[in-house]
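J.: Next up is a structure, given as structure tokens.
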Amino acid sequence: ENQGPYTGGNDLNSLFPDGIPKTEAEMQKYLVTIEVPVNTKSGGTGSKSITVHRSVAGDVKNIFSEIQTSGFVAYSIGGYSWRGAAGNSKSRSHHSYGVAIDINPRENYMIKNGQIIAGSFWKPGEDPYSITPNGPVVRAFNKRGWTWGGTWKSSKDYMHFSLTGH
516 ENQGPYTGGN DLNSLFPDGI PKTEAEMQKY LVTIEVPVNT KSGGTGSKSI TVHRSVAGDV
576 KNIFSEIQTS GFVAYSIGGY SWRGAAGNSK SRSHHSYGVA IDINPRENYM IKNGQIIAGS
636 FWKPGEDPYS ITPNGPVVRA FNKRGWTWGG TWKSSKDYMH FSLTGH
């Protein structure tokens with residue numbers, strides 16, 4: 516497991532120099548499950564398990580340490596999941612490659628063409644579990660080269676962060 520900062524590129528080819536995995540079985544050798552610190556809804560602290568690409572494990576731990584220190588409650592997090600992209604069955608979600616993370620999906624919805632694809636709402640500043648633009652969660656990811664889905668042009672995915680921008 517990589518403990519240091521990730522210094523490779525932010526595209527799939529640099530993450531998979533031997534070729535991008537085509538199956539879930541091929542992907543397994545790149546994955547690691549780590550524990551990250553979180554604040555709990557009850558006001559305490561705890562940890563959550565998340566599976567990510569082994570090369571970003573150190574950064575992901577640091578990102579969640581920073582989020583926890585900020586006071587934000589990331590009570591629901593998801594990383595690796597072998598699946599198609601939401602709303603586009605022809606392409607793979609970058610969750611499939613262990614380089615995308617969703618946080619509090621209910622309060623940070625994905626919306627495309629005015630339609631809610633996932634989650635229930637997004638109310639930054641009003642709901643404590645909604646991610647605010649330029650807030651501590653976005654800053655923690657951005658400083659390590661990750662992109663927030665809340666800044667996308669064609670759709671908005673407020674729960675989603677990815678190293679690759681997808």
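For the working numbering, count along the sequence shown from 1 and bump the result up by 515.
All C-beta atoms in this analysis are idealised placements derived from N, C-alpha and C, irrespective of residue type, glycine included.
1. Any contact of the region 647-658 with the region 579-595, i.e. 3+ C-beta pairs under 8 Å?
2. Per DSSP, what kind of secondary structure is T584 in: helix, strand or coil?
3. Give me the Cα-Cα distance between G523 and P532, rounded to the nearest whole angstrom.
4. In terms of alpha-carbon separation, which member of E622, P639, E641, G640 lies closest to I632?
5. Kindly indicate which three-state DSSP category E641 falls into: helix, strand or coil?
6. On the criterion of 16 or more Cβ atoms from any shown chain inside 10 Å, does S608 qualify as buried, or is it exposed?
7. Hey, N644 and V553: beta-carbon distance below 8 Å or not?
8. Need the endpoints of the beta strand (DSSP E) that L546 sits in, please.
T.: On the basis of the supplied data:
1. yes
2. helix
3. 11 Å
4. E622
5. coil
6. buried
7. It should be pointed out that residue 644 corresponds to Tyr in this sequence rather than to Asn. No, the Cβ-Cβ distance between Y644 and V553 is not below 8 Å.
8. 546-554
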